[in-house]
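In my numbering, the protein residues as written are 868 to 1307.
Every residue gets a Cβ at the ideal spot worked out from N, C-alpha and C, and that includes glycine.
Since the structure is predicted, the reported quantities are computational estimates derived from the model, not experimental observations.
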């Protein structure tokens, strides 16, 4: 009797330690919080099982009830994961059938529980095992595999209970099985953060790969446009070469060719910067955007000094700092140049507003650029915010510049948005919104 009590005490203490570890893990990994309920119930069951041998049999009844609840919760979690993984995208009838089957098994088990403990646990355990096998197959998760092994061991333990009811107890084997189950709980708690890091890393590199594919497509598209323009310019040059009266036209075409060469050079530099962003060569730091914006405005006005440009600043906040880096100057330059280049009005108007905003509890500094230009091509915008979308064959802007801004903003922990302004019958400008994380 003393030996049994000692074993039960060891199992109870071991369970408590494992549940505490699971609780610590669940603080950082929310997906483990539901599993913590299963682990906690199993631990309570082991503690009550110890008290049943040490004090009174009433604890044994409560312990059995707790083990039954453990299997119920385990079954519910398995069904929840199975539903989200497999059933959610099915039609309504299939969804209803799965939900009906879930509740039917649960209700039958609850009805049988007062009659026999082993049979309802058997039903729930086998149902959970089937769900877990499918979850493991579809999710390809080590944690799901460990849960599948755990429920299989639980079924084996129930089999030992049934054999014991017929007068063939296996006390030593029972303790080995319980120790194995607790160890599996421990393995799930320890593997969870490792698998989370692995999944996060995989997602990160998948996004980097998708962006690389996007940049490649944009680069090929824009380079083809540049080369096509150069080709047309050269063909015109060939036709004008022998006609001295067309010298003015000749110079204009040469200028167009030179501008396209500059665009190609700028494009190559931008793609290089994009790849460096992916490799995280530029480290973010607290930055005052006001000074950088002033420098950018001065630079753009100087570059387009032959254009009539009106830039109005509305600063609703002062002494602000945002998360960015030295490439913030390039972001402002790109937006301001787009507002000037893609604008057919005699006076190019740009309004810049700076304000504070809170989104989902996060403080942002919002910098808006509103112009009276042509707006953004719808297909280009869809492609910019959806990597899989195919770019329009004739966009109004070079898409790589906007992708450069979007990638930079995301690397800062912020984001961007672009809207066309429709005050009348057509588009009357665009609004570019930059959301920077505020540094307190």
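Comparing C-alpha positions only, which one of the options sits nearest to residue i?
i	options	result
residue 931	1043, 967, 942 and 917	917
residue 1042	1209, 1021 and 1059	1021
residue 1223	1235, 1216 and 970	1235
residue 1025	1048, 948 and 953	1048
residue 1310	1068, 1248, 1305 and 886	In the structure as shown, the chain begins at 868 and stops at 1307. Residue 1310 is therefore absent and cannot be evaluated.
residue 1217	1200, 911 and 946	1200
residue 1288	1268, 961 and 1245	1245
residue 1212	1268, 1296, 997 and 1284	1296
residue 1006	951, 878, 1058 and 1019	951
residue 882	891, 1062, 909 and 990	909
residue 935	1009, 914, 1000 and 980	980
residue 1181	1219, 1150, 1023 and 1077	1219
residue 1198	1098, 1272, 1228 and 1177	1272
residue 1150	1195, 928 and 876	1195
residue 1156	912, 915, 1030 and 1185	1185
residue 1286	1237, 1270 and 1280	1237
residue 1056	880, 1178 and 903	903
residue 1179	876, 1221, 953 and 1092	1221
residue 1229	1215, 1251 and 1280	1280
residue 927	984, 1251 and 990	984
State the start and end residues of the unbroken alpha helix (DSSP H) segment that holds residue i.
i	result
residue 994	985–1006
residue 1183	Neither: residue 1183 is in no alpha helix (DSSP H) and is coded neither H nor E.
residue 937	925–949
residue 1156	1156–1170
residue 967	959–979
residue 1208	1195–1208
Does the beta-carbon of residue i have 16 or more other beta-carbons within 10 angstroms, so that it is buried, or is it exposed?
i	result
residue 1002	buried
residue 924	exposed
residue 1102	exposed
residue 1161	exposed
residue 1240	buried
residue 1266	The predicted model places residue 1266 with a pLDDT of 49, which falls under 50 and marks its position as unreliable, so this point remains unresolved.
residue 1254	Low per-residue confidence applies at residue 1254: pLDDT is 49, beneath 50, and the placement is therefore not dependable, though the value from the model is reported in the following sentence. That one is exposed.
residue 1175	exposed
residue 884	exposed
residue 1079	exposed
residue 1070	exposed
residue 1370	In the structure as shown, the chain begins at 868 and stops at 1307. Residue 1370 is therefore absent and cannot be evaluated.
residue 1169	exposed
residue 1066	exposed
residue 1261	The predicted position of residue 1261 is uncertain, since its pLDDT is 37 and thus under 50; no value can be drawn from it.
residue 1064	exposed
residue 1304	buried
residue 982	exposed
residue 995	buried
residue 1210	buried
residue 978	exposed
residue 1231	buried
residue 1045	buried
residue 1257	Because the pLDDT of residue 1257 is 38, which lies under 50, any placement of that residue in the model is unreliable, and the number read from its coordinates should be weighed accordingly. It counts as exposed.
residue 1227	exposed
residue 1077	exposed
residue 998	buried
residue 1040	exposed
residue 1167	buried
residue 1187	buried
residue 875	buried
residue 1011	buried
residue 887	exposed
Could you please give the first and the last residue of the uninterrupted beta strand (DSSP E) stretch that includes residue i?
i	result
residue 1235	1229–1238
residue 1301	1297–1304
residue 1282	1282–1287
residue 1216	1214–1226
Against chain B, with Cβ distances strictly below 8 Å, would residue i count as a contact?
i	result
residue 1020	Of the protein chains in this structure there is only one, and it is not chain B.
Quiz item: So, do the region 961–977 and the region 1008–1026 have three or more beta carbon pairs nearer to each other than 8 Å?
Solution: Inter-segment contact for the region 961–977 and the region 1008–1026 is absent: fewer than three beta-carbon pairs are separated by less than 8 Å.
Quiz item: Should the region 938–951 be regarded as contacting the region 889–899, the criterion being three or more beta carbon pairs within less than 8 Å?
Solution: no
Quiz item: Do the region 1274–1282 and the region 1190–1208 meet, that is, are 3 or more Cβ pairs less than 8 Å apart?
Solution: Taking 8 Å as the limit for Cβ pairs, the verdict is that the region 1190–1208 does touch the region 1274–1282.
Quiz item: Does the pairing of the region 1048–1057 with the region 971–983 give three or more beta-carbon distances under 8 Å?
Solution: no
Quiz item: Taking one C-beta from the region 1203–1211 and one from the region 1156–1176 each time, how about it: are there three or more such pairs within less than 8 Å?
Solution: yes
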